[in-house]
Amino acid sequence: APVLSARGLTRHYASGAGVVRALDGVSFDIAAGELVGIFGPSGSGKSTFLMLAGLLERPSAGEVWLGGQRVSHAGVHLDGLRATRRRRIGFVFQRANLIPFLSAIENVALSLEIADVAPPDARHHARRLLEALDLAHRADSLPARLSGGEQQRVAVARALANGPPLILADEPTAALDSARSRQVMQLFRRIATTRGTAVAVVTHDPRSVDLFDRIVEFEDGRIKK
Ligand code: ADP
Ligand code: ADP
């Protein structure tokens, strides 16, 4: 089964007198090891898609399947999906949003501790992860001491901490210059290829298109044909 399967995903918002169709029947799958780029103009539904696929919001219609299991639909109670979200989905946003008074390694270890990993094991695993992402030399630095690119790579490490099969990233390089954007996108490429993680990245940056296995283009809440 695909890691993620979106089936007819639809989200309407009430807006004044009318209804905004933020997402309008979007269907596609992402397989293990695939890096998919999601493109499209502002307002085309990309963020809404990530919120629904990431189990942060409920669809008005349609379904989200993870690993062959239907997890979200119009009638679901999202509160009950918190554990599923934590185990199966890692999020990366435009800003790293690291906790400023915790070091890089503590930021990563915290995600593990929240998932009930014992602190010494969490720290050990966090160190291994930072090493794998070429950040070992930054493990004990506070976020403010890191460059923007390094902070974003720590955010990627944090997203990977609990070994989710799926990573969802919403414009993760928008705040970075082109060299650091490339580095972060290459990291996603490496994670997909070496760990078999399915990765969906919303981006406006055409410079990294060569790294994607597939590109999905949104337009007016639909996938452009
Ligand atoms: P994108 O991420 O591609 O810029 P969005 O998913 O943020 O697009 O938005 C798609 C459409 O849905 C836009 O017209 C936006 O204004 C609307 N929208 C998104 N969220 C809400 C909301 N909470 N309430 C009302 N309209 C919304
Ligand atoms: P990157 O590895 O993301 O390309 P840079 O080239 O910006 O990072 O920075 C190289 C190193 O210098 C990094 O380890 C970073 O932590 C450090 N550094 C960058 N800017 C500052 C700064 N304003 N003050 C202190 N250290 C900095």
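Using the UniProt record's numbering, you'd call the opening residue of the sequence shown number 4 and step up by one each time. Beta carbons: idealized from backbone N, C-alpha and C, even for Gly. If you're wondering where the values come from, they're calculated on a predicted model, not measured in any experiment.
Examine ligand 4 and report whether any of its heavy atoms sits within less than 8 Å of the Cβ of residue i.
{"i": "residue 52", "result": "As presented, the structure is devoid of ligand 4, carrying ligand 1 and ligand 2 as its sole ligands."}
Determine the extent of the alpha helix (DSSP H) in which residue i is found, giving its start and end residues.
{"i": "residue 72", "result": "Run containing residue 72: none in the alpha helix (DSSP H); it sits in the beta strand (DSSP E), 72-75."}
{"i": "residue 157", "result": "151-163"}
{"i": "residue 79", "result": "First-last for residue 79: undefined, no H or E at that position."}
{"i": "residue 195", "result": "181-198"}
Residue i: which of the options sits nearest, CA to CA?
{"i": "residue 169", "options": "99, 87, 63, 61", "result": "87"}
{"i": "residue 222", "options": "43, 36, 77, 171", "result": "43"}
{"i": "residue 150", "options": "115, 99, 108", "result": "99"}
{"i": "residue 215", "options": "227, 197, 188", "result": "188"}
{"i": "residue 29", "options": "147, 47, 36", "result": "47"}
{"i": "residue 104", "options": "126, 146, 67", "result": "146"}
{"i": "residue 148", "options": "107, 139, 33", "result": "107"}
{"i": "residue 56", "options": "37, 76, 17", "result": "76"}
{"i": "residue 78", "options": "143, 196, 61", "result": "61"}
{"i": "residue 35", "options": "101, 71, 54, 183", "result": "71"}
What first and last residue would you give for the beta strand (DSSP E) that runs through residue i?
{"i": "residue 15", "result": "7-18"}
{"i": "residue 202", "result": "201-205"}
{"i": "residue 173", "result": "169-173"}
{"i": "residue 219", "result": "217-222"}
{"i": "residue 64", "result": "64-69"}
How many whole angstroms separate the CB atoms of residue i and residue j, which I take to be in contact at a CB cut-off of 8 Å?
{"i": "residue 122", "j": "residue 116", "result": "6 Å"}
{"i": "residue 172", "j": "residue 219", "result": "In fact, because the Cβ distance is near 14 Å, the residues do not count as touching under 8 Å."}
{"i": "residue 138", "j": "residue 157", "result": "6 Å"}
{"i": "residue 7", "j": "residue 201", "result": "6 Å"}
Exercise for the section: Spell out a yes or no on whether the stretch 10-23 and the stretch 167-178 are touching, meaning 3 or more CB-CB pairs, one atom from each, closer than 8 Å. Expected result: no
Handout entry: Sequence ranges, alpha helix (DSSP H) only - wholly within the stretch 90-148, length at least 4
Key = 107-117, 122-135
Practice task
Please determine if the stretch 33-49 and the stretch 200-215 are in contact, where contact requires at least 3 C-beta pairs separated by less than 8 Å.
Solution key: yes
Handout entry: Complete runs of the beta strand (DSSP E) confined to the stretch 29-54 [at least 3 residues]
Key = 38-42
Practice task
Flag this pair as touching only if the stretch 89-99 and the stretch 129-141 have three or more C-beta atom pairs under 8 Å; answer yes or no.
Solution key: no
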